[in-house]
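Numbering (numbering that gives the first Met the number 0), first residue to last: 0 to 141. Ideal Cβ positions, reconstructed from N, Cα and C, are used throughout, including at glycine. Here the structure is a predicted model, which is why all the values come from computation and not from measurement. Read through the structure below, which is laid out as structure tokens, and then see the notes.
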Amino acid sequence: MSGKREQPPWFADEETDQLLAGLDLAMPADEPPRRLWARIAADLEGVDGVRLDAGRWRDYAPGVKYKRMWGRQTFLLRCEPGAWVPEHEHGSYEHTVVISGDLVIDDRSYGPGDYQGTPKGGTHPRWTTRTGCVVLVQYEAA
């Protein structure tokens, strides 16, 4: 293991970072235009939104709950640490995106933003979570 610290992906190099650091002080923070938030709210009027904790969560398996989002093919799963979903076969293609936490399928770990797909007729072994997770699952129309 090297002693070199891993840099974030946007970090160019030390010299560039030092050169750009002065820009932070070049202009003071400014308040947004007075009516900006009202304009944003007006633009969002009529837009549907669902809060994670709002609505009804239903039991799926011990430590696993689900909530339908839109249509009958899209839902969230919320899993407690150590919970697992049993092996199952898919009647249509399943798209899964990890929103938070970790998802472990067949010794492969997926984190926030990771995608996993299972084709129609495919079976994946039971999956689990070490830390707990929220995942978005969508099935393609059969």
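Please look up how many angstroms separate the CB atoms of G116 and E93, rounded, as I've assumed it's under 8 Å. 7 Å
Run the CB neighbour count on L102, radius 10 Å, all protein chains shown included, and call it buried at 16 or more, exposed below. buried
DSSP on R77, reduced to helix/strand/coil? strand
Are H123 and I104 close, meaning C-beta to C-beta below 8 Å? yes
Return the CA-CA distance between V134 and L76, expressed in angstroms with no decimal places. 5 Å
Within this structure, are the beta carbons of Y138 and S108 separated by less than 8 Å? no
Got a sec: is the Cβ-Cβ distance from G120 to anything in chain C below 8 Å? Absent from the structure: chain C. Only one protein chain is present.
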